[in-house]
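Novice: Chains A and B, in that order, are what the protein sequence lines are. Residues 1064 to 1573 in the numbering used here are what the first sequence lists, from first letter to last. Residues 188 to 687 in the numbering used here are what the second sequence lists, from first letter to last. What follows is a single structure, and I will ask about it in a moment.
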Amino acid sequence: MSDAPHSADQPSRGSLPDDRDIEAVIGLEVHAQLATRTKLFSGCAADFAPDEPNTRTDPLVLGLPGSLPVLNAAAFRMAVKVGLALNCEIARFCKWDRKQYYYPDLPKGYQISQYDLPVCGEGWLDIDAEEGVKRIGITRAHLEEDAGKNMHAGGVSKVDLNRAGTPLVEIVSEPDMSSAAEAKAYLERLKLLLTYLGVSDCNMQEGSLRCDVNVNFKISTADGAKATPIAEVKNLNSFRGVEAAIEFERTRQLEEFARTGETLNAGNKTTRGWDPDRQVTVPQRTKEEAADYRYFPDPDLVPVTLTEEAIEALRGELGEFPADRRVRIGEVWELSDYDAGVIIERGKPFADYYEEVAQTADDGKRAANWCTQDVLRDLSELNHEIDTFPIPAGTLGHLLKRVSAGELNTKAARDVYADLLSRPRGQNTPETVDAIIDERGLIAVTGGAELEAAIDDALANPKNAVAIETVRDGKQQAVGPLMGQVLKAVSGADPKTVRAMLLERIGGAG
Amino acid sequence: MTTPLPPDPASSYPTAAELSSEIRSGRLTAVAAAQASAERIAALDGTVRAFLHTDAERSAAWAADADRRIAEGSQSDLAGIPVAIKDNLCIEGEPCTCASRMLENFRPPYTATAVRRLLDAGAVPIGRTNLDEFAMGSSTENSVAGPTRNPWDPVRAPGGSSGGSAAAVAAGMAPIALGSDTGGSIRQPAAFCGVVGLKPTYGRVSRYGLVAFASSLDQIGPFARTVRGAATVLQTIAGHDPLDSTSLSDPVPDYLTDLDEPLAGLRVGVVADHFDVGLDKEVADAVQGAIETYRSLGAEVVNVTLPHSKYSVATYYLIAPSEASSNLARYDGVHYGHRAKKFGSLEELYERSRGEGFGNEVKRRIMLGTYALSSGYYDAFYLKAMKVRRLIQQDYDAAFEQCDVIASPVTPTTAFAIGELADDPLAMYLSDVYTISANLAGIPALSLPCGFSKGLPIGLQLLGPALSEPKLLRAARMYEFTTDWHTRVPPLQDQTGVTP
């Protein structure tokens, strides 16, 4: 964060500046845990297992003497994919460095990371900002191993090394965000991208996505632009926390500036931690700021070289980015921007679900209505993920196909849907849909004497004379009240059929 | 055309090859060979102190297993051969102390690849040998268990850091041993003890399970009484290991079939600087004599230069401590190893555990390395040293365009007395002047006996380009055949009256 302008050395005290004259300068460092089966430098299982401490370990994870790291190629490929998706320069040659410090959760006494030759160099990510699309610069992204976890309770400190050695990709942005909302939009966009790539589950509760925020404020004053000292707020593990921390820092830094007039210089960056209970940032030990990590190349690992062919092969494996998919499903299925957005932002499995429903029903709009309303509502009510949702995509698609074919009206379809929802997922095949419809006699009435008689009645009713004339003059929407009467008279009548029959009988300019 | 050399002449106690032929012919069992080793250790080790621990029961079990495999037709050259293992190589469930208080009670849950390969070949580990703490030293004096004695003269040091392994082989306690060489830790004790010691090309032998001192320099290698013994061990332990990223994937050549085949047209490189000031006259004469022997065997002697080798010691003592300071950070008293009994804070836990657990030489090197890697000093020290290292490598590349091997002294003097250099670390560091550059360049080098001075052995060092072990071993064997230095045994044996 050296981009924020330096101001005059002489601090000037003053009152709180006006809101219009203040701009936040925000850069984010995101740590995403890669979804590999094994750890970054050993064959040890990398699953979370918080209830079985110190079971995901081996000689390397424990830092035993004589153990040696061996690079997990799957993790490396994932990091390259992240870089490609973020439009980064991909290094043709990168190496591993030891970042050295003492801490009980770091059994080797160093973390294997990448210092001066990260796997991914400069890139960018577009976000939706208030004034439209905004491009956020990516400084770099590198691979490193996670540390374990220290736990302090009742005067006893314990260490769980299950997380130690799991692969992280650290994505460092440029200080290009100028509000808490933009920081949140960036995180959401990044999370969506990583989950679509299948490289991380980005589960913030489990700590697989963590974030450090670098924030300060540019203030326009009568004697020129000034900048407050940068605060780095460490280890935020929720989007709300990021927003709240930035808002808190805004107040804190501006008050500090009003009181002391201190402006940014090379030596006054501070490190703070976020206290989610009190919703405040608190200063962290100054000792850490002064730490000398004594980085040097890890002699136990060989550098990695990447060929153009290898990079292109990985590019071919990236799949469709969420932003592209949003545009495509909007076009192919004629969806509103809003619906396409809801579907894409819910994550890749949900988008896959939607597309299968749309395909099977051959009706993207109807599929979108059901998926974004009924399915999303019931997912949250039942607390299910889409892959455990009771109604598989093919089954819902089949139901909607019969609705689109006019065999079933919407009300009947909702009955079938509710029935399916109460059954176990395994039972819910398309055949079940047909069986329920037959059992309950839900087939829409699309003809027969009863329907013909009801239509005759409606056309003969003098109260409808005006409406009939209006329809005949070409205003088809005036047929509505007649439809209502027919549908009321004949239970299960198919609205589409009724409308068509009425219009045909009335005839006229239409 | 050349004619193959006859087999090794008989020495006073059996070589690995002799033992192997006894065992495979059925005249000797592996259990009996292990028993004989154990008895010799029991008789002599009170004087020599080569071993830190032995486990007769476990050795006997390994030997019984070897006998079973021999009965089933195992053709391994090492089946049933006792081997001494330096105490910085892990064997599952055995102590691995690195001669440090820090690891006094540490038992690794896994076995080093080199040891695993020896076990798979039927070799029988008969004990763990003494070393300078964490392999840092040139005398085996920096051991928490006290110094090992040179079998040729118990008031003298056996060299180090693999002094226990060298002494064990010299005293006939084991025909072969494993050591590790970071700056000469196999070759220098081999020279001081009058045995053959080989540091292979960096990456030729997996480092998995070797307690790291300086990762970019460490290499495991054999001690033996003869060149053939060393070649046999290398044949078994060399080769790629998926557990060590720095192990080389080049196929392992046959080191043994052509070993006795003299090399026609061998070009022996000699570096004039090696015979400059600081070199003991008798050592110089013995090495010059060896070079003359090569000339008499038809080799061409070529003058080569290594202009940057004068910076070797300085370069080494920046790179090795830098890596050591990092590799030894894991010994923090938290997860395993020595933990201070009393501490009031996390910092104190670290300070006291490390303060109590490490000896002075280890502390000295950790401080040197920490300093060299510190912000503001990194460029001037570590980075500069890495650049000089590259120049030293380039010197060797150029020299090996003119010659096949370089012949040099191993040490400036014969074995020094225990305590003689203990208070002068710089003099101790400078005694590594001839051996260090091979580690910096990553090239193979071996030491073999080439004479005696006042009853103490003198070593000849042969260096070759990376992966030239087949030629290096054959060149060594050519010399060995014409001499009988390797058949001599220390007078220790006569004093005790124990015969193998």
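Idealized CB from N, CA, C, for every residue including glycine.
Does DSSP classify residue 1396 of chain A as helix, strand or coil?
Specialist: As a first step, residue 1396 of chain A must be located in the first sequence, where it is residue number 333. Looking at residue 1396 of chain A - three-state DSSP - the assignment turns out to be coil, as it is neither helix nor strand.
Novice: In chain order, what residues of the same chain have a beta carbon less than 7 Å from the beta carbon of residue 1110 of chain A, not counting five sequence neighbours either side?
Specialist: On the first sequence, residue 1110 of chain A is found 47 positions in, with the first residue counted as 1. Closer than 7 Å at the Cβ level, and outside the excluded window around residue 1110 of chain A, lie 1119.
Novice: When the Cα of residue 581 of chain B is compared with those of B/539, B/629 and B/551, which residue comes out closest?
Specialist: Locating residue 581 of chain B in the second sequence gives position 394, counting from the first residue. Comparing Cα positions, the closest option is B/629.
Novice: If contacts are defined as beta-carbon pairs under 8 Å, then residue 1419 of chain A and residue 1457 of chain A qualify, I think. What distance do you get, rounded to the angstrom?
Specialist: Along the first sequence, one-based indexing puts residue 1419 of chain A at 356. Along the first sequence, one-based indexing puts residue 1457 of chain A at 394. So it is a contact: roughly 6 Å between Cβ atoms.
Novice: Of the choices B/661, B/560, B/626 and B/256, whose alpha-carbon is the least far from that of residue 635 of chain B?
Specialist: As a first step, residue 635 of chain B is located in the second sequence; it is residue number 448 there, counting from the start. Comparing Cα positions, the closest option is B/661.
Novice: Under 7 Å Cβ to Cβ from residue 1164 of chain A, same chain only, skipping five residues before and after it: list those, please.
Specialist: In the first sequence, residue 1164 of chain A corresponds to position 101, counting from 1. Only 1354 and 1356 meet the Cβ criterion.
Novice: Does chain B have any CB closer than 8 Å to the CB of residue 1357 of chain A?
Specialist: For the purposes of this step, residue 1357 of chain A is taken as residue 294 along the first sequence, with counting starting at 1. Closer than 8 Å to some Cβ of chain B, the Cβ of residue 1357 of chain A qualifies, so yes.
Novice: If we require 4 or more residues per run, which alpha helix (DSSP H) segments fall completely within the stretch 242–266 of chain B?
Specialist: As far as the stretch 242–266 of chain B is concerned, its whole alpha helix (DSSP H) runs of at least 4 residues are 243–258.
Novice: So which of A/1085, A/1100, A/1083 and A/1104 has the shortest CA-CA distance to residue 1364 of chain A?
Specialist: The sequence position of residue 1364 of chain A within the first sequence is 301, counting from 1. Closest by alpha carbon: A/1104.
Novice: Is there a C-beta anywhere in chain A that falls below 8 Å from the one on residue 519 of chain B?
Specialist: Indexing the second sequence from 1 puts residue 519 of chain B at position 332. Taking Cβ atoms only, chain A reaches closer than 8 Å to residue 519 of chain B, which makes this a yes.
Novice: Just mark residue 554 of chain B as buried or exposed, buried being the case when its beta carbon has 16 or more other beta carbons within 10 Å.
Specialist: Residue 554 of chain B sits at position 367 when you count from the first residue of the second sequence. Exposed, by the Cβ-count rule.
Novice: Please check the pair residue 1426 of chain A and residue 1467 of chain A, which I expect to be a contact at CB under 8 Å, by giving their CB distance rounded to whole angstroms.
Specialist: Residue numbering aside, residue 1426 of chain A sits at position 363 when the first sequence is read from its first letter. Residue numbering aside, residue 1467 of chain A sits at position 404 when the first sequence is read from its first letter. Residue 1426 of chain A to residue 1467 of chain A, Cβ: 4 Å. Contact.
Novice: Can a CB atom of chain A be found closer than 8 Å to the CB of residue 433 of chain B?
Specialist: By 1-based counting over the second sequence, the position of residue 433 of chain B is 246. Output row for residue 433 of chain B: interface = yes.
Novice: Considering only residues of the same chain and omitting the five flanking positions on each side of residue 576 of chain B, which have a CB-CB separation below 7 Å?
Specialist: Indexing the second sequence from 1 puts residue 576 of chain B at position 389. Contacts found: 502, 506 and 627.
Novice: Against chain A, does residue 557 of chain B count as a neighbour if the rule is that its beta carbon must be under 8 Å from one of theirs?
Specialist: Here residue 557 of chain B is taken as the residue at index 370 of the second sequence, counted from 1. Judged by the 8 Å Cβ criterion, residue 557 of chain B is in contact with chain A.
Novice: At which residues does the alpha helix (DSSP H) containing residue 479 of chain B begin and terminate?
Specialist: One-based indexing of the second sequence puts residue 479 of chain B at position 292. From DSSP, the alpha helix (DSSP H) with residue 479 of chain B extends over 468–483.
Novice: In chain A, which residues lie with their C-beta within 7 Å of the C-beta of residue 402 of chain B?
Specialist: Here residue 402 of chain B refers to the residue found at position 215 when the second sequence is read from its first residue. The contacting residues are 1362 and 1363.
Novice: Under the assumption that residue 1181 of chain A contacts residue 1213 of chain A (Cβ atoms under 8 Å), give the Cβ distance between them as a whole number of angstroms.
Specialist: On the first sequence, position 118 is the one that residue 1181 of chain A refers to. On the first sequence, position 150 is the one that residue 1213 of chain A refers to. About 27 Å separates the two Cβ atoms, so there is no contact after all.
Novice: Kindly list the residues whose CB is nearer than 7 Å to the CB of residue 1366 of chain A, restricted to its own chain and excluding five residues on each side of it in sequence; keep chain order.
Specialist: Along the first sequence, read from residue 1 onward, the residue named residue 1366 of chain A stands at position 303. Cβ within range, chain order: 1156, 1157 and 1158.
Novice: Following the continuous beta strand (DSSP E) through residue 1141 of chain A, name the residue where it begins and the one where it ends.
Specialist: Along the first sequence, one-based indexing puts residue 1141 of chain A at 78. Careful: residue 1141 of chain A lies outside any beta strand (DSSP E), inside the alpha helix (DSSP H) at 1136–1148.
Novice: With 8 Å set as the bound, which would you pick, yes or no: does the beta-carbon of residue 1347 of chain A sit closer than that to a beta-carbon of chain B?
Specialist: By one-based count along the first sequence, residue 1347 of chain A stands at place 284. It does not: the Cβ of residue 1347 of chain A has no partner Cβ on chain B nearer than 8 Å.
Novice: Under 8 Å between C-beta atoms, does residue 394 of chain B make it to chain A?
Specialist: In the second sequence, the residue the question calls residue 394 of chain B occupies position 207. Yes, residue 394 of chain B lies at the interface with chain A (some Cβ there is under 8 Å from its Cβ).
Novice: Rounded to a whole number of angstroms, what is the C-alpha to C-alpha distance between residue 1518 of chain A and residue 1562 of chain A?
Specialist: Position 455 of the first sequence, counted from the first residue, corresponds to residue 1518 of chain A. Position 499 of the first sequence, counted from the first residue, corresponds to residue 1562 of chain A. For residue 1518 of chain A and residue 1562 of chain A, the distance between alpha carbons rounds to 10 Å.
Novice: Does the distance from the CB of residue 1133 of chain A to the CB of residue 440 of chain B come in under 8 Å?
Specialist: Numbered from 1 along the first sequence, position 70 holds the residue referred to as residue 1133 of chain A. Numbered from 1 along the second sequence, position 253 holds the residue referred to as residue 440 of chain B. Contact: no.
Novice: Using only CA atoms, which one of B/364, B/331, B/326 and B/333 lies nearest to residue 311 of chain B?
Specialist: Here residue 311 of chain B corresponds to residue number 124 of the second sequence, with the count starting at 1. Checking every option, the nearest Cα to that of residue 311 of chain B belongs to B/364.
Novice: Determine the DSSP secondary structure at residue 205 of chain B, reduced to helix, strand or coil.
Specialist: Within the second sequence, numbered from 1, the residue matching residue 205 of chain B stands at position 18. Residue 205 of chain B falls in the helix class under three-state DSSP.
Novice: If you count every other CB in all the chains shown that lies within 10 Å of the CB of residue 1582 of chain A, and 16 or more means buried, which is it?
Specialist: No answer is possible for residue 1582 of chain A: it lies beyond the span of chain A, which begins at 1064 and ends at 1573.
Novice: Under 7 Å, CB to CB, which of the residues in the stretch 1143–1164 of chain A have a partner in chain B?
Specialist: Against chain B - using a Cβ distance shorter than 7 Å - the residues of the stretch 1143–1164 of chain A are 1161 and 1163.
Novice: Give the residues of chain A in contact with residue 688 of chain B, contact being defined as C-beta atoms less than 9 Å apart.
Specialist: Residue 688 of chain B is absent from the structure shown; chain B starts at 188 and stops at 687.
Novice: Determine the burial state of residue 1540 of chain A: buried for a count of at least 16 other Cβ atoms within 10 Å of its Cβ, exposed for fewer.
Specialist: Reading the first sequence from its first residue, position 477 is the one you call residue 1540 of chain A. It is exposed - the Cβ of residue 1540 of chain A has fewer than 16 other Cβ atoms within 10 Å.
Novice: I'd like to know if residue 1126 of chain A contacts chain B, where contact means its C-beta is closer than 8 Å to some C-beta of that chain.
Specialist: Locating residue 1126 of chain A in the first sequence gives position 63, counting from the first residue. Judged by the 8 Å Cβ criterion, residue 1126 of chain A is in contact with chain B.
Novice: How far does the alpha helix (DSSP H) with residue 422 of chain B in it reach, from first residue to last?
Specialist: What you label residue 422 of chain B is simply residue 235 of the second sequence in a count that begins at 1. Here the alpha helix (DSSP H) through residue 422 of chain B covers 414–424.
Novice: Beta-carbon of residue 1255 of chain A versus every beta-carbon of chain B: anything under 8 Å?
Specialist: Taking the first sequence and counting its residues from 1, one reaches residue 1255 of chain A at position 192. No, its Cβ sits nowhere closer than 8 Å to a Cβ of chain B.
Novice: Determine, using beta-carbon pairs with one atom in the stretch 418–437 of chain B and one in the stretch 388–403 of chain B, whether at least three such pairs fall under 8 Å.
Specialist: They touch, by the three-pair rule.
Novice: Determine whether the Cβ of residue 510 of chain B lies closer than 8 Å to any Cβ atom of chain A.
Specialist: Along the second sequence, read from residue 1 onward, the residue named residue 510 of chain B stands at position 323. By this cut-off, residue 510 of chain B is an interface position.
Novice: Among A/1175, A/1339 and A/1116, which residue has its Cα nearest to the Cα of residue 1230 of chain A?
Specialist: By one-based count along the first sequence, residue 1230 of chain A stands at place 167. Cα-wise, what sits closest to residue 1230 of chain A is A/1175.
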